[in-house]
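Residue numbering for the sequence shown follows the numbering used here, beginning at 65 and increasing consecutively.
Built from N, CA and C at the ideal position, the CB exists for glycine as well.
Read through the structure below, which is laid out as structure tokens, and then see the notes.
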Amino acid sequence: MKKLIFIAFIFLSLPLSAGPDHERADWVRMIHELDYCISDIEVMRQAYSDNNDIRLGMNYHEVTVDLLKIRDGIADVLAGVLVQPNNIPPINGEYSFPGDQP
């Protein structure tokens, strides 16, 4: 019984063990996802500027800038660029236009 539990534990823990190659692949996938989000935000920005009757606007430029900062940070990690934490600019995090009500 103990042997069966041990084998089941090993089998179930295999997908959880990740090496540097898996981690790198996940970071690359994250960059692709961010690129997709940035292109989607551009489409939304264009739709908003073409159709001004949308009730709640969003500062699409600030969202794009923040996503690009995150993307560049991931790319720096993958490239092996070391950056001191106090040199990294913070993201804005506020994307609503002044005066917009949720």
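Do the CB positions of M94 and I155 come within less than 7 Å of each other?
-> By 1-based counting over the sequence shown, the position of residue 94 is 30. By 1-based counting over the sequence shown, the position of residue 155 is 91. Not a contact, by the Cβ cut-off of 7 Å.
Can the beta-carbon of S142 be found less than 7 Å from the beta-carbon of L98?
-> Stepping through the sequence shown from its first residue, residue 142 is reached at position 78. Stepping through the sequence shown from its first residue, residue 98 is reached at position 34. First, the residue type needs correcting, since residue 142 is Leu and not Ser in the sequence shown. Cβ distance not < 7 Å, so L142 and L98 don't count as in contact.
How would you call V92, buried or exposed, if buried means at least 16 neighbouring beta carbons within 10 angstroms?
-> Here residue 92 is taken as the residue at index 28 of the sequence shown, counted from 1. Exposed: under 16 other Cβ atoms inside 10 Å.
Check each candidate in Y124, A89, I134 and name the one with the smallest Cα separation from I105.
-> In the sequence shown, counting from the first residue as 1, residue 105 sits at position 41. Selected option, being the one with the closest Cα: Y124.
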